[in-house]
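Taking full-length UniProt numbering, the leading residue of the sequence shown gets 1, the next gets one more, and so forth. Glycine included, C-beta positions come from ideal geometry on N, C-alpha and C. Quantities reported herein were computed from a predicted structural model and do not represent experimental measurements. Quick notes on the structure that follows.
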Amino acid sequence: MLSLLKKPLFNRGKPADPTGSHLQRLAIYEQELGEREYTFSDASDRRIDVHAFGRDFVPDCEEGSDEGYVLLTNGMSEHRMAVPDQAEAKVRAELMWYVREATPEVSATLRWLATVPLLDSTWFGFGHRVPMPEPPMPDTDFKTFLFLTPVITPDQRIAEQLSIAGDAIEILTVNLISDREYGLIKNEGIGAFLDLLDENDYPPIFDPSRKSYV
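Pasting the structure below:
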């Protein structure tokens, strides 16, 4: 499955084709996140670009710094997901990942995730998991992606402003969890795992060396 990840094109500062809905979404992103530092452009027909925004994750009211990047897809929401009629979920989404370094490899992983609902006729929403046969990132044993929603105010505001063809767009944050954490969610529900995140001061930036909380 990991062989499906393709090397993206890399541009500093410019999207591949700054027109239409891609440009509209990018304007909202930059309004809340500031000017992007990089764009990993997608040359495929699906065109899911990945923008990288630098951020210091330490709140202004606190001392110190914790610098990283907000990676955000642009184009996943062009396609409606196959959300069942009985599900209370948005039919369009974009993915967000907080990382230490904005590398082409991480971007390719995020873009691949964004194509899964289209390729497999499925859907992503809050609390959904995507288990992988092996760790998708180096230096980590975690194999399961978990989608949550942003808790940082500017990121929440992005979702509030996004829509296409009358559909609201969900922003889902990407997280990697251990097999034991995955088992906890399946057995006790997402709420039990969220409590663990609070208890362990879960870092916003993806940490491949994080120890399992279960």
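Provide the residue span of the alpha helix (DSSP H) that contains residue i, from first to last.
i, result
"residue 33", "20 to 33"
"residue 115", "104 to 120"
"residue 195", "190 to 199"
Starting from the C-beta of residue i, find all residues in its chain whose C-beta is less than 6 Å away, skip the five residues before and the five after it, and write them out in chain order.
i, result
"residue 96", "72, 171, 173"
"residue 118", "79"
"residue 13", "With a pLDDT of only 41 at residue 13, under the threshold of 50, the placement of this residue in the model should not be trusted; the figure read from the coordinates follows. Once the five neighbours on either side are set aside, residue 13 has no close Cβ partner at all."
"residue 168", "90"
"residue 9", "Note that residue 9 has pLDDT 41, beneath the 50 cutoff, so the model's placement of it is unreliable and the number below is only indicative. Correct list, in chain order: 41, 43."
Return the Cβ separation of residue i and residue j in integer angstroms, given the expectation that the two are a contact with Cβ distance under 8 Å.
i, j, result
"residue 77", "residue 93", "6 Å"
"residue 37", "residue 53", "7 Å"
"residue 130", "residue 116", "7 Å"
"residue 66", "residue 205", "7 Å"
I'd like the span of the beta strand (DSSP E) that includes residue i, first residue to last.
i, result
"residue 215", "For the chain, the structure presents residues 1 to 214; residue 215 sits outside this window and is missing."
"residue 45", "That residue, residue 45, is in no beta strand (DSSP E); it is neither H nor E in DSSP."
"residue 170", "167 to 177"
"residue 89", "No beta strand (DSSP E) contains residue 89, which DSSP labels as neither H nor E."
"residue 153", "Counting along the chain, residue 153 falls outside any beta strand (DSSP E), though it belongs to the alpha helix (DSSP H) covering 153 to 161."
"residue 70", "67 to 74"
"residue 144", "144 to 148"
Skipping 5 residues on each side, what residues in its chain have a beta carbon closer than 8 Å to that of residue i?
i, result
"residue 1", "Low confidence applies to residue 1: its pLDDT is 37, below 50, so where it sits in the model is not reliable, and the reading given next is rough at best. Once the five neighbours on either side are set aside, the close Cβ partners of residue 1 are 132, 133."
"residue 11", "The predicted model places residue 11 with a pLDDT of 45, which falls under 50 and marks its position as unreliable, so this point remains unresolved."
Taking residue i as the reference, give the member of the options with the closest Cα.
i, options, result
"residue 68", "209, 212, 145, 203", "203"
"residue 45", "20, 168, 75", "75"
"residue 211", "139, 187, 118, 162", "139"
"residue 191", "100, 122, 126", "126"
"residue 146", "169, 176, 88", "176"
"residue 88", "33, 162, 123", "123"
"residue 109", "209, 143, 188, 128", "143"
"residue 135", "209, 86, 162, 157", "209"
"residue 158", "20, 29, 24", "29"
"residue 141", "105, 207, 152", "207"
"residue 82", "137, 51, 120, 63", "120"
"residue 24", "166, 162, 156, 198", "162"
"residue 103", "51, 164, 166", "51"
"residue 194", "160, 64, 55, 151", "151"
"residue 137", "166, 101, 63", "101"
Using a Cβ-Cβ cutoff of less than 7 Å, which residues in the same chain neighbour residue i once the five nearest sequence positions on both sides are dropped?
i, result
"residue 15", "Caution applies to residue 15, whose pLDDT of 39 falls short of 50 and renders its modelled position unreliable; the model cannot decide the point."
"residue 186", "none"
"residue 213", "181, 196, 200"
"residue 154", "32, 33"
"residue 128", "147"
"residue 114", "48, 73, 76, 95"
"residue 59", "none"
Sufficient close CB pairs (3 or more, under 8 Å) joining the stretch 36 to 49 to the stretch 177 to 196: no
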